[in-house]
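Undergrad:
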Amino acid sequence: MSKEAILNKLSDAVVNGKPELAKEGANEALAAKIDALDAINNGLVKGMSIVGDKYGARQVYLPQVLMSAHTMYAGLDILLPAIPKAAVASMKKCATAVVEGDVHDIGKNIVKTMLTASGFSVNDLGRDVPIQQIVDLAKNDKLDAIALSTLMTPTMDGMKSAVDGLVENGYRKNVKICIGGAPTSAEFAKEIGADHRDANAQDCAAWLKEVF
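Going by my numbering, 333 is the number at position 158 of the sequence shown; the sequence numbering is gapless.
1. Mind reading off the beta-carbon distance from V189 to L219? Whole number of angstroms is fine, and I expect it under 8 Å.
2. Which two residues bound the contiguous alpha helix (DSSP H) that contains G227?
3. Would T288 pass as a contact of V240 if the rule is Cβ separation under 9 Å?
4. By the three-class DSSP mapping on this structure, what secondary structure does A320 have?
5. Taking G250 as the reference, which of N315, G192 and V338 has the closest Cα?
6. Under the rule that 16 or more other beta-carbon atoms within 10 Å means buried, what is G356, buried or exposed?
7. For D316, count neighbouring Cβ atoms within 10 angstroms of its own Cβ and tell me buried if that reaches 16, exposed if not.
8. The alpha helix (DSSP H) with K260 in it runs from where to where?
9. On a Cα-Cα basis, can you pick out the residue from D299, G294 and E195 that is closest to S265?
10. Straight-line CA distance for A269 to D277?
11. Are the region 192 to 208 and the region 247 to 261 touching by the rule of at least three beta carbon pairs closer than 8 Å?
12. With a Cβ-Cβ cutoff of 9 Å, do F363 and M331 count as a contact?
13. Just to confirm my understanding: we take L246, look at its own chain, exclude 5 residues before and 5 after, and list those with CB closer than 7 Å. What are they?
14. Residue range of the beta strand (DSSP E) that D373 falls in?
15. Hey, out of D213, A381, P329 and E199, whose CA is closest to A322's CA?
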């Protein structure tokens, strides 16, 4: 099978939500000595970008996006270990988290997928994450960006606490902070000292790619 055919197979697998095909294509890419980053960017990521555009245009819906994300990660599990260490070290490091008190994580999961598809190394902290954990991790892991989300008004204060904590520990100037979720706004982001309010997952990934 040609390189082009393998890359198309990876992309199509993601678009159609076929994890077994993604695994097959990933193994074929390695067997054919295709560079792992090339296979990720021009195969899996290309497919996820197509899905992201369709989701933004409301041509596909959340279940399809999540299935495509699952498919992309199935391929990534095989390809990521084959990336040279130097290339991994040069990737910008991000963390995603739903702030303490909130367990709604579908939006955060899509942000994680879009950031991964945009070439970031993403540490997903999950949901209901203690603020101090976010603050400590940012400094200890030398993160480049943090994407925080909540769907509940009472937990919005946690976002401010995270920004304040990073100011206090001296790391704020080194990290970009994005916030998202229905109750948030651009005004709120400015008010608490965050860098950006994400309208959606694609907006988050596009803005971070722009600033880096």
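All residues carry an ideal CB built from backbone N, CA and C; glycine is no exception.
These figures come from a predicted structure and were not determined experimentally.
TA: Quick look at the numbers:
1. By one-based count along the sequence shown, residue 189 stands at place 14. By one-based count along the sequence shown, residue 219 stands at place 44. The Cβ separation is near 6 Å, so the contact holds.
2. Translated into positions along the sequence shown, residue 227 becomes position 52. It spans V220 to G231 - the alpha helix (DSSP H) in which G227 sits, taken as one unbroken run.
3. For the purposes of this step, residue 288 is taken as the residue at position 113 of the sequence shown. For the purposes of this step, residue 240 is taken as the residue at position 65 of the sequence shown. Taking 9 Å as the Cβ cut-off, T288 and V240 qualify as a contacting pair.
4. Taking the first residue of the sequence shown as position 1, residue 320 is located at position 145. DSSP places A320 in strand when its eight states are reduced to three.
5. Reading the sequence shown from its first residue, position 75 is the one you call residue 250. Between G250 and the set N315, G192 and V338, the nearest pair of CA atoms involves G192.
6. Within the sequence shown, the letter at position 181 stands for residue 356. By the neighbour-count rule (16 or more Cβ atoms within 10 Å), G356 is buried.
7. Taking the first residue of the sequence shown as position 1, residue 316 is located at position 141. Exposed, by the Cβ-count rule.
8. Mapped onto the sequence shown, residue 260 falls at position 85. Here the alpha helix (DSSP H) through K260 covers K260 to A264.
9. In the sequence shown, the residue the question calls residue 265 occupies position 90. The option with the nearest alpha carbon to S265 is G294.
10. Within the sequence shown, the letter at position 94 stands for residue 269. Within the sequence shown, the letter at position 102 stands for residue 277. According to the sequence provided, residue 269 is Cys. The question's Ala does not apply to it. Using only the alpha carbons, I get a separation of about 20 Å.
11. yes
12. One-based indexing of the sequence shown puts residue 363 at position 188. One-based indexing of the sequence shown puts residue 331 at position 156. Yes, the Cβ-Cβ distance between F363 and M331 is below 9 Å.
13. As a first step, residue 246 is located in the sequence shown; it is residue number 71 there, counting from the start. Rather than Leu, the amino acid found at residue 246 in this sequence is Thr. The residues are A188, V189, G192, K193, P194 and A197.
14. By one-based count along the sequence shown, residue 373 stands at place 198. Counting along the chain, the unbroken beta strand (DSSP E) around D373 starts and ends at H371 to D373.
15. Translated into the one-based positions of the sequence shown, residue 322 becomes position 147. Closest by alpha carbon: A381.
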